Amino acid sequence: MGIKLQAGMITLLVSMSFVANALAGDINLSAAASLKEVLNDLGEGYTRTHAGVNVLRNFGGSGALAKQIENGAPADIFISAGQDWLDYLVGKKLIDKASIGILARNVLVFVGDGRVKVNGMQDLPKLKRIAIGSPKSVPAGEYAMQAMEHAFLTPDIARKLVMAKDVRACLMYAERGEVDGAFVYKTDTRLVKRARTMFTVPQGLYSPISYPMGLTPAGAQKKDAVVFYRYLQSAPARKVLARYGFILGKE
Amino acid sequence: MSIFSPTDLDAIGLSTKVALVATLVSLPFGFVMAYVMTFRRFRGKVLLEVAVNLPLTLPPVVIGYLLLLLLGKNGWLGHLLDQAGIRIIFTWQAAVVASAVVGFPLLVRSIRIGMESIDQRLIHASRTLGARWYDTLFTVIVPLSLQGILAGSSLMFARSLGEFGATIIVAGNIPGVTQTIPLAIFDYVNSPDGERMALALCMTAIVLSLLVLFLHEHFGRKLARRD
């Protein structure tokens, strides 16, 4: 009797939670860490104008997010800071191929506290500690590694690289002065107070940075998610992206 | 062991080194602390006890962050060290500091258990027979609490091997320099194509922990048998 009652209660609770989920109109968004502020802005703005819709945002290194999605984390929209991790999920049939688009573009810069003068890639060997996103899962780190390889810096510099879990952790290290400098996106530098941009990494040294995005199979089924996804590519959303310093291609 | 890359092997070596150094450095302090808590009575003992045990219950990330604030370039201690040309943050020594703080309560607890099991009459007898306090310490207390010291050291060593939360904040994550086994695993876990390597390192961590814990059990049993 007691067990039956318990089982009944559990069934009731579980089914209630499913109903609640379905009613809430939650959109699960997994996005690269560098998009945090702009997507908070866009998500909150959207929630205000669309009653009953809630944009749940999950930020992190693109590789880590891809792995979460691969392991069944709830996600309707995935925005990566690099092509690799989107392609990875497409390969696993976890991104709806027809939905793929580009949210925006970005540029790699080097920030530091200015105690050691660095004007370009050739000055980096002068530094003791440099933060980059861990290239295994953070696109900003991959771009940084590319740039250092193309500037022929890699072998002697490898033991100076602090591997951060996402690009924002890099920025924090540079801002606190714990490293002499860090590779981050140009849009990230809007957040720093003490550190400043030492130089913009020459575009020829790394592949162009774009934020490809797509709907997951679950997201493609969800009307709210599809509408929000379209909104991200609309003129008002692009205006907000531009305000945060992101580079926008042709429509 | 061809499955491991050179930086993974570095991580295994570094973890062992950090755990060993953290344990050895903490040992004298742990011993003194246990001695004070076991044999001395004074006001505010409870406060000291709580302070020593605090790292046991605090989230390691809190300890890491507080250490960063303390030892970082702009921290009050880090600032002084910086002027003396010493850097701790993002070096392997920072991993030692993190492990030492987190593992210290375990060390003190085990040594105390060893000391509390010493027959008080032996200590009194040695004193009445004319032993100075340090004679009593080295000829009675240290030998009789040796099992507790060994048990505590092995437990702290094991805890240090697994230290992650505080370490990733203060030691950074520099492959081959400050990347310990848990940090290397974290790197692989975050990467979709790192599954195999993450599991290989997990196995290494499990084997190391099992070895050390068996050792710990061995010392612990000897301690229990003596009563």
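One line per chain: the protein sequences are C and Z, in this order.
Take the first sequence: its letter number 230 is residue 236 in our numbering, and every next letter is one higher.
Take the second sequence: its letter number 109 is residue 125 in our numbering, and every next letter is one higher.
Ideal placement from N, C-alpha and C gives every residue a C-beta, glycine not left out.
As the structure is a computational prediction, the values presented were derived from the model and not from experiment.
* To do: Examine chain C for any beta-carbon lying closer than 8 Å to the beta-carbon of Z:D24, and answer yes or no.
  => no
According to DSSP, is Z:T194 part of a helix, a strand, or is it coil?
Reduced to three states, the DSSP call for Z:T194 is coil.
Can you name the start and end residues of the beta strand (DSSP E) that C:R111 belongs to? G107 to N112
Item to complete: Tell whether a beta-carbon distance below 8 Å holds between C:E76 and Z:P208.
Response: yes
Check: According to a CB-to-CB cut-off of less than 8 Å, which residues of the segment 157-183 of chain C neighbour chain Z?
Finding: Listed in sequence order: A164, R165, K166, L167, V168, M169, A170, K171, Y179, R182 and G183.
**OP:** Could you check which residue in Z:P22, Z:L25, Z:V52 and Z:L84 has the C-alpha nearest to that of Z:I184?
**Re:** Per the Cα distances, Z:L84.
Item to check | Host beta strand (DSSP E) of C:V168 (start-end) | outcome: L167 to A170
Among C:M204, C:T222 and C:L62, which one has its Cα closest to the Cα of C:F189? Considering only alpha carbons, the answer is C:M204.
Practice item. Could you confirm whether any beta carbon from chain C is found closer than 8 Å to the beta carbon of Z:F20? Key: Output row for Z:F20: interface = no.
Quiz prompt | Buried or exposed by the 16-neighbour rule on C-beta atoms within 10 Å, applied to C:E50 | solution = exposed
Among the residues of its own chain, which have a CB less than 7 Å from the CB of C:D47, if the five just before and after it don't count? V246
**Asked** Using a Cβ-Cβ distance under 8 Å, would Z:V112 count as near chain C?
**Response** no
Give the secondary structure of C:S140 by DSSP, where H, G and I count as helix, E and B as strand, and everything else as coil.
-> coil
**Message:** Residues of the segment 173-201 of chain Z in Cβ contact with chain C at a cutoff of 7 Å, in chain order, please.
**Reply:** G188, N189, I190, P191, G192 and V193
message: At the 8 Å Cβ level, is C:R54 part of the contact set with chain Z, yes or no?
response: no
Going by the CB atoms, is the gap between C:Y250 and C:A87 shorter than 8 Å? No, the pair does not count as a contact, with Cβ atoms beyond the cut-off.
| task | Taking 8 Å as the threshold, find out whether the segment 170-178 of chain Z comes into contact with the segment 112-130 of chain Z through three or more Cβ pairs. | result | yes
* Span separating the alpha-carbon of Z:R57 from that of Z:A167 -> 25 Å
> Thinking C-alpha only, which one of C:D32, C:G31 and C:L45 is nearest C:S252?
Replying inline: The amino acid occupying residue 252 of chain C in the given sequence is Phe; Ser does not appear at that position. Selected option, being the one with the closest Cα: C:L45.
Cutting at 7 Å between CB atoms, please list the residues of its own chain near Z:Y81, excluding the five before and the five after it. I185
Item to complete: Would you list, in chain order, the members of the segment 84-100 of chain C that have their beta-carbon closer than 8 Å to a beta-carbon of chain Z?
Response: W91 and Y94
With DSSP as the reference, identify every bridge partner of C:M127, one or two as the case may be. In the DSSP assignment, no residue is bridged to C:M127.
Just to confirm, is the Cβ distance from Z:S31 to Z:I197 under 8 Å? Cβ atoms of Z:S31 and Z:I197: closer than 8 Å.
Exercise. Run down chain Z in chain order and give the residues with a C-beta less than 7 Å from the C-beta of C:A79.
Key: In chain order: nothing, as chain Z lies at least about 12 Å away.
Just to make sure I have the definition right: I need the residues of chain Z whose C-beta is within less than 7 Å of the C-beta of C:V72. Which are they?
One point to set straight first is that residue 72 of chain C is Ala, not Val, in the sequence displayed. Neighbours of C:A72 in chain Z, taken as residues at a C-beta separation under 7 Å, are given in chain order as P208.
- Which whole runs of the alpha helix (DSSP H) in the segment 67-153 of chain Z are 4 residues long or more, in chain order? Runs of the alpha helix (DSSP H) inside the segment 67-153 of chain Z: 76-87, 92-99, 108-132, 136-144 and 149-152.
Check your understanding: So which residues on chain C does Z:G88 lean against when the C-beta distance must stay under 9 Å?
Key -> R182, G183 and E184
Keeping to the same chain, check which residues put their C-beta closer than 8 Å to that of Z:H232; ignore five residues upstream and five downstream.
Excluding its 5 nearest sequence neighbours in each direction, Z:H232 has C-beta neighbours in its own chain below 8 Å: A167, S170, L171 and A174, listed in chain order.
Is C:M151 a contact residue of the ligand NAD, with contact defined as CB to any heavy atom under 7 Å?
The ligand NAD is not among the ligands present in this structure, which contains no ligands whatsoever.
Report task. Please list the residues of the segment 79-108 of chain Z that have a C-beta atom closer than 7 Å to any C-beta atom in chain C, keeping them in chain order. Result -> G88, K89, N90, I105 and F106
Exercise. Could you name the residues that DSSP lists as bridge partners for Z:N206?
Key: BP columns for Z:N206 are empty, so no partner.
So if I threshold CB-CB distances at 7 Å, which residues from the segment 124-152 of chain C count as touching chain Z? R135, S140, K142 and S143
Quick test of your reading: C:S105 and C:L71, contact by CB under 8 Å. State the CB separation rounded to the nearest angstrom. Not really, about 17 Å apart at Cβ, beyond 8 Å.
- prompt: In terms of DSSP beta bridges, what is C:M219 paired with?
  reply: C:I85 and C:G107
If we define contact as Cβ-Cβ less than 8 Å, is C:E76 a contact residue for chain Z? yes
C:M169 beta carbon less than 8 Å from that of Z:N69
no
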